[in-house]
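Visitor: Quick note: the sequence shown, position 225, residue 1106 per this note's numbering, numbers continuous.
Backbone N, C-alpha and C define an ideal beta-carbon position, used for all residues, glycine too.
These numbers were taken from a predicted model, which means no experiment stands behind them.
Handing you a structure now.
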Amino acid sequence: MDLKNKVAVVTGGAQGLGRAFVEVLLKQGSNVAFIDVNEPLGKELKATLAEEYGPGRVEFYAADVSSKEEFIGAFKKIVDRFGHIDIMYNNAAVVNENDWEKTIAINMTGLVRGTYLALQYMKDNPDGKGAIINISSTAGLCYVPTAPIYTATKYAVVGFSRAIAAVAMKSNLGLRINTLCPGVMKTNLLSSSNIEDHFGQFSQLEELKEMVLERNDFVKPEDVAMASLPLVIDESKNGKILKIDADGMEFISLPEIPAM
Ligand SMILES: NC(=O)c1ccc[n+]([C@@H]2O[C@H](COP(=O)([O-])OP(=O)(O)OC[C@H]3O[C@@H](n4cnc5c(N)ncnc54)[C@H](O)[C@@H]3O)[C@@H](O)[C@H]2O)c1
Ligand SMILES: CCCCC/C=C\C=C\[C@H](O)C/C=C\C/C=C\CCCC(=O)O
882 MDLKNKVAVV TGGAQGLGRA FVEVLLKQGS NVAFIDVNEP LGKELKATLA EEYGPGRVEF
942 YAADVSSKEE FIGAFKKIVD RFGHIDIMYN NAAVVNENDW EKTIAINMTG LVRGTYLALQ
1002 YMKDNPDGKG AIINISSTAG LCYVPTAPIY TATKYAVVGF SRAIAAVAMK SNLGLRINTL
1062 CPGVMKTNLL SSSNIEDHFG QFSQLEELKE MVLERNDFVK PEDVAMASLP LVIDESKNGK
1122 ILKIDADGME FISLPEIPAM
């Protein structure tokens, strides 16, 4: 898929990795609609990017992906504005072990809804094409010991995306779903939330986070965003899991049910 003049949607696009996706897609010539619950930051970024890339190429929509009404409403506005959707990055997530139901609602339910909404609109694309990138984490392949719910949501992203990719392929939808598993990045997700929210009942293990930070093996959001592009462009890629961390990039193989 050529990225020029395509329409891309990014959730959680106001900062961190989501912002890097928005910027790399604009640089490649796509038009980008980003959704975020942080309205002031979203508006500020939209103004900055509109100045750099041209006012018609980027739009911001304030919405909480854990709210069915808000997410559906944002999608409708995006399709009204751009006509259709070619590319979807389901990126918004939080680490909140205290309010763990909210973490599941954003990281899992929000990502499922984003995938289903994208499929619903993409299946009517005249070129019959569409690419969805679901953001997991290396935590969705190993684990963050103090964040079992965050870990569980990131495993869920891997399993859901593999299964829905197989469904899309077997139904000849022409739509592709791949998973990206980044390693640790220095973003708001890692630094800002308070200890109680981040670790919940495991707050006494805060030093584990310091140990991770002291290892200093971070990957940059801009590098992760660049690395994601082949999953969109290369039409042979469906149901893949791409890990990118400080050691480099690797496609991960997980067991398959042989008869499937
Ligand atoms: N930072 C890391 O170390 C790391 C590592 C691996 C994977 N990831 C994944 O990368 C993705 C982006 O994380 P990040 O580090 O950039 O985080 P971040 O906190 O810097 O940015 C996340 C963005 O999502 C938005 N958001 C949060 N809840 C939302 C909601 N309910 N609805 C809409 N928007 C919402 C936030 O306002 C924020 O702008 C996440 O899926 C995360 O799990 C992060
Ligand atoms: C150990 C506490 C770290 C707190 C990290 C909180 C959120 C991190 C979110 C990222 O998605 C995590 C990405 C990768 C996993 C990081 C560390 C795992 C630590 C275990 C290990 O080193 O194997």
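Using 7 Å as the cut-off, classify the Cβ of Gly937 as near or not near the heavy atoms of ligand 1, replying yes or no.
Guide: Counting from 1 along the sequence shown, the entry for residue 937 is found at position 56. Because no heavy atom of ligand 1 lies under 7 Å away, the Cβ of Gly937 does not count as near it: no.
Visitor: Check whether chain E comes within 8 Å of Asn1119, counting only Cβ atoms and requiring the distance to be less than that.
Guide: This model lacks chain E altogether; it includes just one protein chain.
Visitor: Report whether the distance from the Cβ of Leu1086 to the nearest heavy atom of ligand 1 is below 7 Å.
Guide: Residue mapping note: residue 1086 aligns to position 205 of the sequence shown, counting from 1. The answer is no for Leu1086.
Visitor: In this structure, what does DSSP give as the bridge partners for Asn917?
Guide: As a position in the sequence shown, residue 917 is number 36, starting the count at 1. Reading the sequence as shown, one finds Asp at residue 917 and not Asn. According to DSSP, which records beta bridges pairwise, Asp917 is partnered with Ala943.
Visitor: Could you compute how far the alpha carbon of Glu940 sits from the alpha carbon of Gln1085?
Guide: Position 59 of the sequence shown, counted from the start, is the residue given in the question as residue 940. Position 204 of the sequence shown, counted from the start, is the residue given in the question as residue 1085. Looking at the two C-alpha atoms, the distance is approximately 42 Å.
Visitor: Under 7 Å Cβ to Cβ from Ile1076, same chain only, skipping five residues before and after it: list those, please.
Guide: Looking up residue 1076 in the sequence shown gives position 195. Ser1084, Glu1087.
Visitor: Consult DSSP for Met989 and reduce its assignment to one of helix, strand or coil.
Guide: Here residue 989 refers to the residue found at position 108 when the sequence shown is read from its first residue. Looking at Met989 - three-state DSSP - the assignment turns out to be helix.
Visitor: Buried or exposed for Met1003, please, with buried defined as at least 16 other CB atoms from any protein chain shown within 10 angstroms of its CB.
Guide: Indexing the sequence shown from 1 puts residue 1003 at position 122. With 16 or more Cβ atoms within 10 Å of its Cβ, Met1003 is classed as buried.
Visitor: For the alpha helix (DSSP H) holding Lys1035, just list the boundary residues, first then last.
Guide: To locate residue 1035, count along the sequence shown from 1; it is residue 154. Note, Lys1035: alpha helix (DSSP H), 1029-1051.
Visitor: Does the Cβ-Cβ distance between Asp1078 and Asn988 come in under 8 Å?
Guide: Locating residue 1078 in the sequence shown gives position 197, counting from the first residue. Locating residue 988 in the sequence shown gives position 107, counting from the first residue. No; because the gap between Cβ atoms is not below 8 Å, this pair is not in contact.
Visitor: Can you check which of these residues, Gly897, Asp1115, Gly1064, is closest to Val1093 by C-alpha distance?
Guide: Counting from one through the sequence shown, the residue named residue 1093 turns up at place 212. When each option's Cα is compared against that of Val1093, the closest is Gly1064.
Visitor: Reducing DSSP to helix, strand and coil, say where Ala1108 ends up.
Guide: Within the sequence shown, residue 1108 is the residue found at index 227, counting from 1. Looking at Ala1108 - three-state DSSP - the assignment turns out to be helix.
Visitor: Which first and last residues belong to the beta strand (DSSP E) in which Leu1056 is found?
Guide: Residue mapping note: residue 1056 aligns to position 175 of the sequence shown, counting from 1. Its beta strand (DSSP E) spans residues 1056-1063.
Visitor: Just to confirm my understanding: we take Ile1054, look at its own chain, exclude 5 residues before and 5 after, and list those with CB closer than 7 Å. What are they?
Guide: Translated into positions along the sequence shown, residue 1054 becomes position 173. For clarity, residue 1054 is Leu in the given sequence; the question names Ile instead. Lys1004.
Visitor: Would a C-beta distance cut-off of 8 Å place Lys1121 and Leu1112 closer than the cut-off?
Guide: Your numbering for residue 1121 matches position 240 in the sequence shown. Your numbering for residue 1112 matches position 231 in the sequence shown. Contact flag set, yes.
Visitor: Can you find a heavy atom of ligand 1 that lies under 7 Å from the Cβ of Pro1111?
Guide: As a working mapping, residue 1111 is identified with position 230 in the sequence shown. No; taking the cut-off as 7 Å, the Cβ of Pro1111 has no heavy atom of ligand 1 nearer than that.
Visitor: With DSSP run on the structure shown, which of helix, strand or coil describes Ile966?
Guide: Within the sequence shown, the letter at position 85 stands for residue 966. Coil, per DSSP.
Visitor: Would you tell me roughly how many angstroms separate the C-alpha atoms of Arg965 and Arg1096, rounded to the nearest one?
Guide: Translated into positions along the sequence shown, residue 965 becomes position 84. Translated into positions along the sequence shown, residue 1096 becomes position 215. The displayed chain sequence assigns His, not Arg, to residue 965. If you take the alpha carbons of His965 and Arg1096, they lie about 43 Å apart.
Visitor: Taking C-alpha atoms, which residue in Leu922, Ala914, Gln909 lies nearest to Gln896?
Guide: Start at 1 with the first residue of the sequence shown, and residue 896 comes out as number 15. Checking every option, the nearest Cα to that of Gln896 belongs to Leu922.
Visitor: Using 8 Å as the threshold, is the C-beta distance between Leu1061 and Ile1016 below it?
Guide: Mapped onto the sequence shown, residue 1061 falls at position 180. Mapped onto the sequence shown, residue 1016 falls at position 135. Their beta carbons are under 8 Å apart, which means Leu1061 touches Ile1016 by this criterion.
Visitor: Counting C-beta neighbours from all protein chains within 10 Å, is the total for Thr929 16 or more, i.e. buried, or is it exposed?
Guide: The residue labelled residue 929 in the question sits at position 48 within the sequence shown. Counting Cβ neighbours within 10 Å, Thr929 comes out exposed, since fewer than 16 surround it.
Visitor: Roughly how many angstroms separate the alpha carbons of Thr1068 and Phe1099, rounded to a whole number?
Guide: Within the sequence shown, residue 1068 is the residue found at index 187, counting from 1. Within the sequence shown, residue 1099 is the residue found at index 218, counting from 1. Each residue's alpha carbon lies about 10 Å from the other.
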